[in-house]
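A.B. asks: Dropping a structure here in structure tokens format, bear with me for questions.
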Amino acid sequence: MRRLPAVLVSVVLLLAACGGAQPAGAPAGSQLIVEMTDYKVTVNVPSVKAGSTKIGVRNLASQMHSFEVLKTDLPHDKLPIDGVTAKAKEDGKVGGIESIAPGGSASVTLDLAPGKYVLICNVAGHYQLGMHISFTVDAP
Numbered sequence: 075m076r077r078l079p080a081v082l083v084s085v086v087l088l089l090a091a092c093g094g095a096q097p098a099g100a101p102a103g104s105q106l107i108v109e110m111t112d113y114k115v116t117v118n119v120p121s122v123k124a125g126s127t128k129i130g131v132r133n134l135a136s137q138m139h140s141f142e143v144l145k146t147d148l149p150h151d152k153l154p155i156d157g158v159t160a161k162a163k164e165d166g167k168v169g170g171i172e173s174i175a176p177g178g179s180a181s182v183t184l185d186l187a188p189g190k191y192v193l194i195c196n197v198a199g200h201y202q203l204g205m206h207i208s209f210t211v212d213a214p
């Protein structure tokens, strides 16, 4: 009888060692964490793998921000500006979050193709004040 608990513990440890974070055969998926402060955008990694990507956005600033994902070969600080709205033109937009309150957070999951992307806040004037960053999506 003493051997049974030892055998059970061994089996449980062996099964735990074989387990993984993803079920067998499931796509890994990528995650990108974006933080927005007053007129700055940062990301946790410079690139992700193509496919389903969960993007979590935290607004650490004192004012409302928006979040836009644009697929473009332009440098992140060279997007054209609409002179009437004072917003960056959103050519190549693949998704985003309309508004994130100060201290708030939100997330969006997008299917991203390989290429170059720019993340921006497109509240009027915020892009021009520095709320932009680039990142790359690599082939799987």
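Heads up: the sequence shown is residues 75 to 214, going by the working numbering. Yeah, the Cβ is synthetic: ideal placement off N, Cα and C, and Gly gets one too. For clarity, every value in this text was computed on a predicted model and none was experimentally measured.
Could you check whether V192 and T146 sit closer than 9 Å to each other, using their CB atoms as the reference points?
C.D. replies: In this structure, V192 lies closer than 9 Å to T146 by Cβ.
A.B. asks: With distance defined between alpha-carbon atoms, name the residue in E142, T127, F209 nearest to A198.
C.D. replies: Looking at the Cα atoms, E142 is the closest of the given residues.
A.B. asks: Using the three-state DSSP reduction, which class does L184 fall into: helix, strand or coil?
C.D. replies: Reduced to three states, the DSSP call for L184 is strand.
A.B. asks: What's the call for N118, buried or exposed, on a 16-neighbour Cβ count within 10 Å?
C.D. replies: Exposed, because fewer than 16 other Cβ atoms sit within 10 Å of the Cβ of N118.
A.B. asks: Can you give the Cα-Cα distance for K163 and I171, rounded to whole angstroms?
C.D. replies: C-alpha separation (whole angstroms): 16 Å.
A.B. asks: Which ranges would you report for the alpha helix (DSSP H) in the region 121-188 if only whole runs of at least 4 residues count?
C.D. replies: Whole alpha helix (DSSP H) segments, 4+ residues: zero.
A.B. asks: Indicate the three-state DSSP secondary structure (helix, strand or coil) for H200 in the structure shown.
C.D. replies: Looking at H200 - three-state DSSP - the assignment turns out to be coil, as it is neither helix nor strand.
A.B. asks: Measuring only from the beta carbon, is L186 closer than 8 Å to any heavy atom that is part of the ligand GTP?
C.D. replies: Within the structure as shown, the ligand GTP is missing, as the structure has no ligands at all.
A.B. asks: In three-state DSSP terms, what is P97?
C.D. replies: At P97 the pLDDT is 35, less than 50, meaning the model places this residue with poor confidence and gives no usable figure here.
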